[in-house]
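Chains as they are written, first to last, in UniProt numbering: chain A, 1 to 189; chain B, 1 to 189; chain C, 1 to 189; chain D, 1 to 189. Since the structure comes first, as structure tokens, the remarks are kept for the end.
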DNA sequence: AATGAATGAGCTTTCATTCAT
DNA sequence: AATGAATGAAAGCTCATTCAT
């Protein structure tokens with residue numbers, strides 16, 4: 001990945017974030033990246049492959065961060081906190097993924113859809129597994145763990161992404177506090 | 001609003017739901033509605049005005065339902081339940097509004113944005129006010145009511161809209177049970 | 001086939017004749033036809049389908065003419081003359097078909113190739129069959145009739161199409177005289 | 001002409017033969033030649049000059065061969081045979097020239113057209129002159145020698161180039177036999 | 001001298017909008 | 001009032017040519 005390619009990806013991320021996939025023109029990306037339009041096609045054979053490259057990059061970055069955050073020696077709740085904190089670094093990127101996820105569901109190729117779906121599945125599964133373990137150890141009330149994990153994930157998104165579209169952004173601490181109060185309150189530390 | 005106009009709006013709703021605003025062509029709408037393309041322009045001066053009309057329609061329908069649901073004599077929680085139930089009727093419409101909200105945020109005119117934002121504001125406010133009253137009456141733990149209302153609303157969306165994209169849909173009862181367990185458990189009935 | 005469609009086809013014929021398929025832009029065709037660029041796509045879903053439409057038109061026109069030219073009662077040589085005369089009317093169209101044939105062989109779809117090949121096959125076969133009959137009746141020296149028919153056809157093309165690229169065009173009579181002298185001289189009338 | 005230059009020319013010949021001038025990309029040529037794209041521009045200032053170089057090369061090669069074939073002591077028909085045989089060696093190159101001739105006629109510059117036209121003129125003239133001499137010596141029936149020479153040349157092309165596009169190729173002997181039967185039969189040896 | 005990444009003019013195609021019928 | 005053929009601006013993409021290395 002050379003410097004020019006990176007500039008293109010950065011520009012595409014920005015433009016996809018601001019205008020969505022369909023409403024972003026290749027010309028726009030080129031202008032933002034400060035390169036010629038043709039240069040984009042040197043690295044990506046078409047607009048959609050550029051999208052896929054971005055999704056792949058984001059997904060692997062986030063997965064790595066989440067993986068690193070987990071320390072097997074620590075307790076469930078500590079790891080959950082750290083995992084969520086780890087993900088918090090990627091607020092912006094996360095917002096982008098979400099926007100693309102919905103748009104791509106209708107117009108994108110299977111490859112792009114799969115990559116996006118895979119990411120969501122992994123995050124939800126990550127939470128679900130930890131809930132399952134906690135329940136087994138008697139540390140969490142039995143429940144439909146997949147559903148709860150799913151809503152926890154969505155709530156997290158609401159707090160860090162949706163809320164700030166029309167309000168002052170929440171601090172990371174406020175986000176954690178909220179999740180703790182409503183979803184982890186039955187969890188014995 | 002004559003019959004032809006209604007058919008156009010219905011067709012546009014369906015197509016916007018399936019493909020989004022930008023990816024829906026006026027031709028498609030005309031074909032689904034079973035009218036000529038020109039006819040659409042007899043009633044709506046352009047594609048965006050058609051969008052606005054849809055949003056206005058949806059918002060007022062939903063508002064009316066929610067208003068009717070509230071009976072001043074009944075208790076807070078009963079009204080909240082009924083209000084949420086009322087909204088549940090509009091699952092599909094709600095999904096549409098959400099999709100459009102995000103897309104319009106970037107490519108739409110102010111008028112369209114306002115119409116969409118207004119709806120979310122009203123729903124959240126509806127919940128917030130009831131939470132405020134409950135807290136005042138000592139029936140709910142004090143909290144950042146706007147934020148809680150916002151998350152309740154978003155959770156509701158997650159449960160009825162997002163979940164079923166990849167799972168079996170939840171029944172209305174399951175949805176209500178979930179909201180009660182996690183958000184209304186501190187509420188004394 | 002309405003008037004506008006006819007104008008587009010006429011313009012495309014002219015432009016394909018002058019510049020070939022690949023070097024003809026849709027803009028050019030539109031300008032020559034005096035219609036908007038979009039209009040072309042109203043009638044032909046893409047540039048290649050326009051090409052196919054032209055080929056189909058030409059082929060059927062020429063076939064019809066050749067068919068009408070043949071009168072079963074008349075002698076072989078008379079019919080051959082009349083058939084060739086009939087085809088002579090389409091000098092220009094023939095030139096176009098030849099140009100397209102060669103270009104399409106490499107870049108076109110199978111449909112276009114087939115249509116063009118079919119035409120050549122029919123013409124050559126038409127001649128071959130008449131040669132076969134003449135030989136059977138002892139009126140023509142035995143020979144590799146398919147090859148002779150093929151060369152007769154090509155010679156005809158050379159005379160009416162290629163020659164005039166750099167010389168004064170030959171009259172129809174001169175063309176007939178030439179063919180008679182070199183290919184039909186062994187034919188007893 | 002160094003080795004690199006020769007490889008480029010060889011590659012361009014091959015690609016022009018297969019896809020034509022316009023449909024051949026400089027990238028393709030470079031890849032086939034096994035050199036960098038930029039290298040081509042070291043030797044040829046643009047794509048068309050590369051075309052001209054090829055035509056020049058072919059023309060001079062063929063001319064040399066034809067010249068060598070003629071032996072002033074031998075009879076007309078012997079020389080004609082030898083000349084045609086000499087040209088037969090260049091079947092492939094000839095086919096290329098023909099394809100290019102037609103394409104260049106419309107999109108090429110004057111220089112390219114001239115180079116190509118020059119070749120055809122020379123070949124036809126070569127035949128014409130020999131016919132003129134034969135007629136003068138009373139060895140060939142008087143006729144429009146330029147036209148006959150032109151058609152002989154075209155017939156030769158039909159036999160060695162066009163025929164094999166859809167049939168088994170003819171042997172050199174078959175080609176010669178055909179030409180003799182139809183064009184040289186009045187020639188007294 | 002050799003390279004291939006970078007470029008933008010120019011191509012085909014789409015689609016919101018207009019307007020004659 | 002209803003229509004859909006006509007339109008051109010704007011999109012994604014290609015490729016001959018340039019130029020820094």
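Here a beta-carbon is modelled for each residue, glycine too, at the ideal position from N, C-alpha and C.
Taking CB atoms only, residue 119 of chain C has no neighbour in chain D less than 8 Å away. Think of a sphere of 8 Å around the beta carbon of residue 44 of chain A: no beta carbon from chain B falls inside it, the nearest being about 21 Å out. Closer than 8 Å to the CB of residue 114 of chain A there is not a single CB belonging to chain B.
The DSSP assignment places 3-19, 26-33 and 37-43 as complete runs of the alpha helix (DSSP H) inside the UniProt domain "HTH tetR-type" (2-62) of chain B, in order along the chain (cut-off: 4 residues). In the assembly as shown, residue 177 of chain C is an exposed residue. Its beta-carbon has fewer than 16 other beta-carbons within 10 Å. Remark: three or more beta-carbon pairs, one from each stretch, lie closer than 8 Å, so the stretch 141-152 of chain A and the stretch 163-180 of chain B are flagged as touching. With contacts defined as CB atoms closer than 8 Å, residue 93 of chain C and residue 50 of chain C fail to qualify as a contacting pair. Taking the Cα positions, residue 5 of chain A is about 14 Å away from residue 52 of chain A.
With its beta carbon less than 8 Å from one in chain A, residue 155 of chain B belongs to the interface. Residues of the stretch 146-178 of chain B with a C-beta less than 9 Å from any C-beta of chain A: 146, 147, 148, 150, 151, 153, 154, 155, 157, 158, 159, 162, 163, 165, 166, 167, 170, 174 and 178, listed in chain order. The way I'd put it, the stretch 133-140 of chain C doesn't touch the stretch 55-69 of chain C; fewer than three beta-carbon pairs between them come closer than 8 Å.
The three-state secondary structure of residue 166 of chain B, taken from DSSP, is coil.
For residue 135 of chain B, the uninterrupted alpha helix (DSSP H) segment begins and ends at 110-136.
For residue 184 of chain A, the secondary structure class from DSSP, reduced to helix, strand or coil, is coil.
Residue 67 of chain A carries a helical assignment under DSSP once its states are collapsed to helix, strand and coil.
Taking 8 Å as the CB threshold, residue 1 of chain C stays off the interface with chain D. Check the Cα spacing between residue 13 of chain C and each of C:35, C:45, C:43 and C:100: the tightest is with C:100. Taken atom to atom, the span from the alpha-carbon of residue 174 of chain D to that of residue 167 of chain D is near 14 Å. If you draw a straight line from the Cα of residue 152 of chain B to the Cα of residue 120 of chain A, it comes to about 21 Å. Contact of residue 107 of chain B with chain A is assigned, a C-beta pair being separated by under 8 Å. Non-local C-beta neighbours of residue 98 of chain A in its own chain, meaning closer than 8 Å and more than five positions away in sequence, comprise 157 and 161, ordered along the chain.
Just measuring C-alpha positions, the residue of B:83, B:21 and B:89 sitting nearest residue 109 of chain B is B:21. Contact note: residue 99 of chain A reaches chain B through 102, using a C-beta cutoff of 8 Å and chain order. Taking the C-beta atoms as reference points, residue 126 of chain C is found no nearer than 8 Å to residue 183 of chain D. Any Cβ of chain D closer than 8 Å to the Cβ of residue 23 of chain C would place that residue at the interface, and such an atom is present.
The beta carbon of residue 116 of chain A sits closer than 7 Å to the beta carbons of 55, 97, 100, 101 and 104 from its chain, once the five residues preceding and following it are set aside; these are given in chain order. In this structure, DSSP gives residue 142 of chain C a state outside helix and strand, which the three-state scheme calls coil. Contact of residue 183 of chain D with chain C by beta-carbon distance below 9 Å involves 182. The C-beta distance from residue 17 of chain C to residue 95 of chain C rounds to 7 Å, short enough to fall under 8 Å.
In the structure shown, the three-state DSSP call for residue 157 of chain B is helix. Judged by DSSP in its simplified three-state form, residue 102 of chain A adopts helix.
By the 16-neighbour rule on beta-carbons within 10 angstroms, residue 45 of chain D is exposed. Nearest neighbour of residue 35 of chain C by Cα position, chosen from C:1, C:118 and C:7, turns out to be C:7.
Assigned with DSSP and collapsed to three states, residue 74 of chain D falls in coil, not helix or strand. For residue 124 of chain D, the closest of D:84, D:15 and D:139 by C-alpha to C-alpha distance is D:84. Just so you know, the alpha carbons of residue 86 of chain D and residue 64 of chain D end up roughly 10 Å apart.
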